[in-house]
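J.: Got a structure for you, questions after.
There are 2 protein chains.
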Amino acid sequence: MIVGAGIMGVASALHLKRNNPGKQVLLIDRFGAPGQGNTGRSNAMFRNTFSSTDNQVLSNSTIDFYLHLQDELKADLGLQQIGYLWLMSDEQLSMSETFLGGMERNGIEIRRLSREELKHRIPGMVTDFDSNEEARLMALPSIEGGVFGPKCGRLDPDKLVRYYAHEFLRMGGLVAFNTNAERLLVGPPNRLGIDGEPFVWQDSRIEGIQASGAFNGTINADAVVLACGAWGNELLEPAGIDGHVSAKKRQLFSVSARGIKGLEELLHTKDFSPLRLLPMVILPKAGVHFKPVSEEDDFWIGCEDEVNRPFIHLPNHDLAGCAAEQEYYERSVNPILSAYFPKFRNAKVKAKWAGLYSYNTLDNLPFVFKQSNLIVVGGDSGSGIMKGDSLGRIVEAVYRDEGEASLYGDVHYKTSKIGITRRSVEREEWVI
Amino acid sequence: MIVGAGIMGVASALHLKRNNPGKQVLLIDRFGAPGQGNTGRSNAMFRNTFSSTDNQVLSNSTIDFYLHLQDELKADLGLQQIGYLWLMSDEQLSMSETFLGGMERNGIEIRRLSREELKHRIPGMVTDFDSNEEARLMALPSIEGGVFGPKCGRLDPDKLVRYYAHEFLRMGGLVAFNTNAERLLVGPPNRLGIDGEPFVWQDSRIEGIQASGAFNGTINADAVVLACGAWGNELLEPAGIDGHVSAKKRQLFSVSARGIKGLEELLHTKDFSPLRLLPMVILPKAGVHFKPVSEEDDFWIGCEDEVNRPFIHLPNHDLAGCAAEQEYYERSVNPILSAYFPKFRNAKVKAKWAGLYSYNTLDNLPFVFKQSNLIVVGGDSGSGIMKGDSLGRIVEAVYRDEGEASLYGDVHYKTSKIGITRRSVEREEWVI
Numbered sequence: 020m021i022v023g024a025g026i027m028g029v030a031s032a033l034h035l036k037r038n039n040p041g042k043q044v045l046l047i048d049r050f051g052a053p054g055q056g057n058t059g060r061s062n063a064m065f066r067n068t069f070s071s072t073d074n075q076v077l078s079n080s081t082i083d084f085y086l087h088l089q090d091e092l093k094a095d096l097g098l099q100q101i102g103y104l105w106l107m108s109d110e111q112l113s114m115s116e117t118f119l120g121g122m123e124r125n126g127i128e129i130r131r132l133s134r135e136e137l138k139h140r141i142p143g144m145v146t147d148f149d150s151n152e153e154a155r156l157m158a159l160p161s162i163e164g165g166v167f168g169p170k171c172g173r174l175d176p177d178k179l180v181r182y183y184a185h186e187f188l189r190m191g192g193l194v195a196f197n198t199n200a201e202r203l204l205v206g207p208p209n210r211l212g213i214d215g216e217p218f219v220w221q222d223s224r225i226e227g228i229q230a231s232g233a234f235n236g237t238i239n240a241d242a243v244v245l246a247c248g249a250w251g252n253e254l255l256e257p258a259g260i261d262g263h264v265s266a267k268k269r270q271l272f273s274v275s276a277r278g279i280k281g282l283e284e285l286l287h288t289k290d291f292s293p294l295r296l297l298p299m300v301i302l303p304k305a306g307v308h309f310k311p312v313s314e315e316d317d318f319w320i321g322c323e324d325e326v327n328r329p330f331i332h333l334p335n336h337d338l339a340g341c342a343a344e345q346e347y348y349e350r351s352v353n354p355i356l357s358a359y360f361p362k363f364r365n366a367k368v369k370a371k372w373a374g375l376y377s378y379n380t381l382d383n384l385p386f387v388f389k390q391s392n393l394i395v396v397g398g399d400s401g402s403g404i405m406k407g408d409s410l411g412r413i414v415e416a417v418y419r420d421e422g423e424a425s426l427y428g429d430v431h432y433k434t435s436k437i438g439i440t441r442r443s444v445e446r447e448e449w450v451i
Numbered sequence: 020m021i022v023g024a025g026i027m028g029v030a031s032a033l034h035l036k037r038n039n040p041g042k043q044v045l046l047i048d049r050f051g052a053p054g055q056g057n058t059g060r061s062n063a064m065f066r067n068t069f070s071s072t073d074n075q076v077l078s079n080s081t082i083d084f085y086l087h088l089q090d091e092l093k094a095d096l097g098l099q100q101i102g103y104l105w106l107m108s109d110e111q112l113s114m115s116e117t118f119l120g121g122m123e124r125n126g127i128e129i130r131r132l133s134r135e136e137l138k139h140r141i142p143g144m145v146t147d148f149d150s151n152e153e154a155r156l157m158a159l160p161s162i163e164g165g166v167f168g169p170k171c172g173r174l175d176p177d178k179l180v181r182y183y184a185h186e187f188l189r190m191g192g193l194v195a196f197n198t199n200a201e202r203l204l205v206g207p208p209n210r211l212g213i214d215g216e217p218f219v220w221q222d223s224r225i226e227g228i229q230a231s232g233a234f235n236g237t238i239n240a241d242a243v244v245l246a247c248g249a250w251g252n253e254l255l256e257p258a259g260i261d262g263h264v265s266a267k268k269r270q271l272f273s274v275s276a277r278g279i280k281g282l283e284e285l286l287h288t289k290d291f292s293p294l295r296l297l298p299m300v301i302l303p304k305a306g307v308h309f310k311p312v313s314e315e316d317d318f319w320i321g322c323e324d325e326v327n328r329p330f331i332h333l334p335n336h337d338l339a340g341c342a343a344e345q346e347y348y349e350r351s352v353n354p355i356l357s358a359y360f361p362k363f364r365n366a367k368v369k370a371k372w373a374g375l376y377s378y379n380t381l382d383n384l385p386f387v388f389k390q391s392n393l394i395v396v397g398g399d400s401g402s403g404i405m406k407g408d409s410l411g412r413i414v415e416a417v418y419r420d421e422g423e424a425s426l427y428g429d430v431h432y433k434t435s436k437i438g439i440t441r442r443s444v445e446r447e448e449w450v451i
């Protein structure tokens, strides 16, 4: 069974059922539909521009699979390859050269853009702040160049998870929504019938879960896959298993471009992709970023928000207390954004929301590990969607105790690399 | 300033003051004396028999320093080199060969002992359970051989931390006991005087701590060292910093050998060290171990206790709720212990206590990392005492932004190896 119908859960479910058609595979989720947790609250962007070769492989294969679904199988994922555009200071440009060289050697397409090209292509962008007192106070660097990743883009997370869930059901997968995993049931392989089992002299395995909600009771399973992000800790910690995931709140703010002349023009910036849309733009300060949501004429705006943002423990099931803060937008994000793009200064926030960003703060890469008959996938560090298909295939390989997972595009990946005991991934340095 | 006067805190304090005599160095602790937290509750054993070369270096140098203190400087640390003795099943013997070979190549002294030698040397030990139904139920393996580490031993944690604290005070170090660090004060290097600083567009550093207790108020510092084990999370998480430490309860049970003929004889087993004492013994099941405490004629008994033991979050300051469980001893530990050593079967528990075992569950090695002007040392995974001096010297090197720490015995160690961003330690596989 799989706990959690976010992107990593549905991808695991589909690949488990596809490769083990004789097995009963049950997917449960506390919400009433797939992707209603942090997948649905995420910025739902994808990129293949990583410094870590592991991330390059995991994301490239996943993006290729999504492109295959949309372009060849005609599944509508709302996928738009608008690209990512990093606007960079001199210091950032020189620091990034090592990583860019590595990407190019591995065939990751990137384009370097000069300050002049950027000024020419992007309307209304400010690159220098000679006489701007506020920009000086914020220590905003000038934009000296940029890096563009054309294979990157956005998709609709609801459409994506519904595709996986639908295929999973079509193959005979079982689903229980509105069903909450309360705790893992731990027991010895052979019960003696003594109260207090398992004792330390017994072996121990996951017998299943205690569920509440639409399905109320005990669910036994031969194997349990936990794919519930930050919420996994609630289940893992009482069982004494470290999920290697920490979580912080991340916020998104949407702003309408409608009727605001400079912003409408900016949204429909022509020179980056055939879609004639602005790419996702990352500013050279504090990871402030924004992207066009063309079907609504909106921009979605976010921020890296690392320092001094507390880690959150075992949040309430309903994400209460995880609300976006208007003041955070106004005092922290908008001052940076509107210094570089003044047309945003007085644009009103139309909607705002927050989710939990699950970190692996050690190397910024996800985990897939198995302990007895429990498999944990998580720690995606903001990239569950863009690596989701690969992670689902790795979960499936780990379930079968296969040393290698076969990713989409005939790419092979050693499963132990992304585990715990023989972990050997390259730390990711190109973090937003 | 250093927060936490356990072994890692006092060692950091001493080496910081010694190498930076012109600096004011303040050591604070919530208890009324050093070592009253988890250092004082630990089993206070030391070994150099690790599979990881990093652990070998850190522990060897630390043990050499302690031996130097006791043997040459005549400091009384209560140090006894009684040795560690692993009693092993056939499977464990063959699995350990790789690690033992590695230790021998690096000059770590170990001795292999046959079943017959062990039977000859250790009185009253059962090695086989042919007709023992209970042993069969617990799947206890026979003892087929053993590994002895003669450089290993025990010391008195109170004496050890008092030595460091005393030397630190003698050099002009400042101490505030009964002083609790309530929170880290985070601010920008240059305050603008606007409410809500630091904003995301500002740099951010640790200005000091908010303290309560004997010292009540704000303590500002140029640099802050956090050496408070599992409790560090209470300070780090609100500031958005991952301490990479998880904690579980670990329990110890003491049993008197006085008047129990077989146990007295066992405690004074002659053939392992000039001290004519039994070594610390590790049984081939569930990491059950026991050691002689000769000054009291006691045995201290513990257990690895990994599986199904919950992780503990932000425990109360007073360690309430972290009590040892009589039932755990009786139903989990004693059945294993008394199967191999029947004389323990009816021995009464004289005292029991518990502490927090701070884990780094990823590679089982400690961390020393710096973020801005904050240095964190922890994740010792049960070996704070046996690596404490080395870790204190590494903290001091990291404070001065030195790439290499000079450990006792003219050993050099690259500080980035044990950090976060360029971590490159060998995972420890030889865990108790």
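Which chain is which? The protein sequence lines are P and A, in order.
Taking our numbering, the leading residue of the first sequence gets 20, the next gets one more, and so forth.
Taking our numbering, the leading residue of the second sequence gets 20, the next gets one more, and so forth.
In this text, a Cβ means the ideal position worked out from N, Cα and C, and glycines have one as well.
Between the alpha carbons of Gly28 of chain P and Phe234 of chain P, how many angstroms are there, rounded?
T.: Sequence index remark: in the first sequence, residue 28 of chain P carries index 9 (1-based). Sequence index remark: in the first sequence, residue 234 of chain P carries index 215 (1-based). So the two alpha carbons sit approximately 18 Å from each other.
J.: Give me the DSSP bridge partner(s) of Leu426 of chain A.
T.: Working through the second sequence from its first residue, we reach residue 426 of chain A at position 407. Its beta-bridge partners are A:Val430.
J.: Using three-state DSSP, classify Asn239 of chain A as helix, strand or coil.
T.: Reading the second sequence from its first residue, position 220 is the one you call residue 239 of chain A. Looking at Asn239 of chain A - three-state DSSP - the assignment turns out to be strand.
J.: Please report the distance separating the alpha-carbon of Leu174 of chain P from that of Lys93 of chain P.
T.: Residue mapping note: residue 174 of chain P aligns to position 155 of the first sequence, counting from 1. Residue mapping note: residue 93 of chain P aligns to position 74 of the first sequence, counting from 1. For Leu174 of chain P and Lys93 of chain P, the distance between alpha carbons rounds to 14 Å.
J.: Check whether the Cβ of Lys389 of chain A lies closer than 7 Å to any Cβ atom in chain P.
T.: For this step, residue 389 of chain A is matched to residue 370 along the second sequence. Chain P, which has no Cβ nearer than 7 Å to the Cβ of Lys389 of chain A, makes this no.
J.: Cβ of Pro257 of chain P less than 7 Å from any chain A Cβ?
T.: Reading the first sequence from its first residue, position 238 is the one you call residue 257 of chain P. It does: the Cβ of Pro257 of chain P has a partner Cβ on chain A nearer than 7 Å.
J.: For Val219 of chain P and chain A, any beta-carbon pair shorter than 7 Å?
T.: Reading the first sequence from its first residue, position 200 is the one you call residue 219 of chain P. By this cut-off, Val219 of chain P is an interface position.
J.: Where does His336 of chain P fall in DSSP's three states?
T.: Against the first sequence, residue 336 of chain P aligns to sequence position 317. Confidence at His336 of chain P is low in this model, with a pLDDT of 48, below 50, so its placement is unreliable and no value can be given for it.
J.: In three-state terms, what does DSSP make of Ala233 of chain P?
T.: The residue labelled residue 233 of chain P in the question sits at position 214 within the first sequence. Coil, per DSSP.
J.: Cβ of Phe386 of chain P within 7 Å of Cβ of Gly398 of chain P?
T.: By one-based count along the first sequence, residue 386 of chain P stands at place 367. By one-based count along the first sequence, residue 398 of chain P stands at place 379. In contact: Phe386 of chain P and Gly398 of chain P (Cβ atoms closer than 7 Å).
J.: Can you give me the C-alpha to C-alpha distance between Ser115 of chain P and Arg295 of chain P, rounded to a whole angstrom?
T.: The residue given as residue 115 of chain P occupies position 96 in the first sequence. The residue given as residue 295 of chain P occupies position 276 in the first sequence. Rounded to whole angstroms, Ser115 of chain P to Arg295 of chain P spans 27 Å at the Cα level.
J.: Report yes if the C-beta distance between Val244 of chain P and Ile21 of chain P is below 7 Å; otherwise report no.
T.: Locating residue 244 of chain P in the first sequence gives position 225, counting from the first residue. Locating residue 21 of chain P in the first sequence gives position 2, counting from the first residue. A contact, by the Cβ cut-off of 7 Å.
J.: Who pairs with Leu203 of chain P in a beta bridge, going by DSSP?
T.: Within the first sequence, residue 203 of chain P is the residue found at index 184, counting from 1. DSSP output for Leu203 of chain P lists P:Ile228 as bridge partner(s).
J.: CA-CA distance, Leu319 of chain P and Val145 of chain P?
T.: Along the first sequence, read from residue 1 onward, the residue named residue 319 of chain P stands at position 300. Along the first sequence, read from residue 1 onward, the residue named residue 145 of chain P stands at position 126. Reading off the sequence shown, one finds Trp at residue 319 of chain P, where the question assumed Leu. Roughly 20 Å separates the two Cα atoms.
J.: Is it the case that the Cβ atoms of Phe272 of chain P and Lys371 of chain P are separated by a distance below 7 Å?
T.: Taking the first sequence and counting its residues from 1, one reaches residue 272 of chain P at position 253. Taking the first sequence and counting its residues from 1, one reaches residue 371 of chain P at position 352. Yes, the Cβ-Cβ distance between Phe272 of chain P and Lys371 of chain P is below 7 Å.
J.: How is Gly321 of chain A classed by DSSP in three states: helix, strand or coil?
T.: By 1-based counting over the second sequence, the position of residue 321 of chain A is 302. Strand, per DSSP.
J.: Kindly indicate which three-state DSSP category Phe196 of chain P falls into: helix, strand or coil?
T.: Reading the first sequence from its first residue, position 177 is the one you call residue 196 of chain P. Correct three-state label for Phe196 of chain P: coil.
J.: By a C-beta neighbour count over all protein chains shown, 10 Å radius and 16 as the cutoff for buried, is His336 of chain P buried or exposed?
T.: Position 317 of the first sequence, counted from the first residue, corresponds to residue 336 of chain P. Model confidence at His336 of chain P stands at a pLDDT of 48, short of 50, so the residue's coordinates are unreliable; what they give is reported in the following sentence. Flag for His336 of chain P reads exposed.
J.: Go through the region 279-317 of chain P residue by residue and report every complete run of the beta strand (DSSP E) that reaches 3 residues or more, in order.
T.: Segments of the beta strand (DSSP E) lying fully in the region 279-317 of chain P: 299-301, 308-312.
J.: Which residues bound the beta strand (DSSP E) around Asp270 of chain P?
T.: As a first step, residue 270 of chain P is located in the first sequence; it is residue number 251 there, counting from the start. Before going further, note that residue 270 of chain P is Gln rather than Asp in the sequence given. Note, Gln270 of chain P: beta strand (DSSP E), 265-275.
J.: Give me, in chain order, the residues of the same chain whose beta-carbon lies closer than 7 Å to that of Gly236 of chain A; leave out the 5 immediate sequence neighbours on both sides.
T.: Counted from its first residue, the second sequence places residue 236 of chain A at position 217. Only Ala230 meet the Cβ criterion.
J.: Using DSSP's beta-bridge definition, name the partner residues of Arg140 of chain P.
T.: Translated into the one-based positions of the first sequence, residue 140 of chain P becomes position 121. Beta-bridge pairing links Arg140 of chain P to no other residue.
J.: Starting from the Cα of Ser377 of chain A, find the closest Cα among A:Cys341, A:Glu201, A:Lys267, A:Asp408 and give me that residue.
T.: Numbered from its first residue, the second sequence carries residue 377 of chain A at position 358. It is A:Lys267 whose Cα lies nearest to the Cα of Ser377 of chain A.
J.: Closer than 8 Å, Cβ to any Cβ of chain P: which residues of the region 50-61 of chain A, in chain order?
T.: Those would be none; no residue qualifies.
J.: Would you say Phe148 of chain P lies against chain A (beta-carbon separation less than 7 Å)?
T.: Position 129 of the first sequence, counting from 1, holds the residue named residue 148 of chain P. No, Phe148 of chain P lies away from the interface with chain A (no Cβ there is under 7 Å from its Cβ).
J.: Around the C-beta of Ala416 of chain A, are 16 or more other C-beta atoms found within 10 angstroms, so that it is buried, or is it exposed?
T.: Here residue 416 of chain A refers to the residue found at position 397 when the second sequence is read from its first residue. Ala416 of chain A should be labelled buried.
J.: When burial is assigned at 16 or more other CB atoms within 10 Å of the CB, is Asn209 of chain A buried or exposed?
T.: Counted from its first residue, the second sequence places residue 209 of chain A at position 190. Asn209 of chain A should be labelled exposed.
J.: If contacts are defined as beta-carbon pairs under 8 Å, then Ile437 of chain P and Asp73 of chain P qualify, I think. What distance do you get, rounded to the angstrom?
T.: What you label residue 437 of chain P is simply residue 418 of the first sequence in a count that begins at 1. What you label residue 73 of chain P is simply residue 54 of the first sequence in a count that begins at 1. Confirmed, Cβ separation roughly 7 Å.
J.: Could you compute how far the alpha carbon of Phe50 of chain A sits from the alpha carbon of Ala30 of chain P?
T.: The residue given as residue 50 of chain A occupies position 31 in the second sequence. The residue given as residue 30 of chain P occupies position 11 in the first sequence. Distance between the alpha carbons of Phe50 of chain A and Ala30 of chain P is about 51 Å.
J.: Are Glu299 of chain A and Ser78 of chain A touching if we call contact CB-CB under 7 Å?
T.: Indexing the second sequence from 1 puts residue 299 of chain A at position 280. Indexing the second sequence from 1 puts residue 78 of chain A at position 59. Just to set this straight, residue 299 of chain A is Met in the shown sequence, not Glu. Not a contact, by the Cβ cut-off of 7 Å.
J.: Please report the distance separating the alpha-carbon of Pro169 of chain A from that of Asn199 of chain A.
T.: One-based indexing of the second sequence puts residue 169 of chain A at position 150. One-based indexing of the second sequence puts residue 199 of chain A at position 180. Using only the alpha carbons, I get a separation of about 40 Å.
J.: With burial defined as no fewer than 16 other Cβ atoms inside 10 Å of the residue's Cβ, what is the status of Thr440 of chain P: buried or exposed?
T.: As a first step, residue 440 of chain P is located in the first sequence; it is residue number 421 there, counting from the start. Thr440 of chain P should be labelled exposed.
J.: Roughly how far, in whole angstroms, is the beta-carbon of Arg328 of chain P from the beta-carbon of Gly164 of chain A, given that I think they are within contact range, below 8 Å?
T.: Taking the first sequence and counting its residues from 1, one reaches residue 328 of chain P at position 309. Taking the second sequence and counting its residues from 1, one reaches residue 164 of chain A at position 145. 53 Å between Cβ atoms; not a contact.
J.: Find the residues of chain D that neighbour Met405 of chain A, judging by a C-beta separation of less than 8 Å, and give them in chain order.
T.: This model lacks chain D altogether; the protein chains it does include are P and A.
J.: Could you say which of A:Arg60, A:Arg419, A:Gln75, A:Thr58 lies nearest to Arg66 of chain A if we only look at CA atoms?
T.: Sequence index remark: in the second sequence, residue 66 of chain A carries index 47 (1-based). With distances taken between Cα atoms, Arg66 of chain A lies closest to A:Gln75.
J.: Against Leu328 of chain P, what residues of chain A qualify as contacts under a CB-to-CB distance less than 7 Å, listed in chain order?
T.: Position 309 of the first sequence, counted from the start, is the residue given in the question as residue 328 of chain P. Reading off the sequence, residue 328 of chain P comes out as Arg, not Leu. The contacting residues are Gly259.
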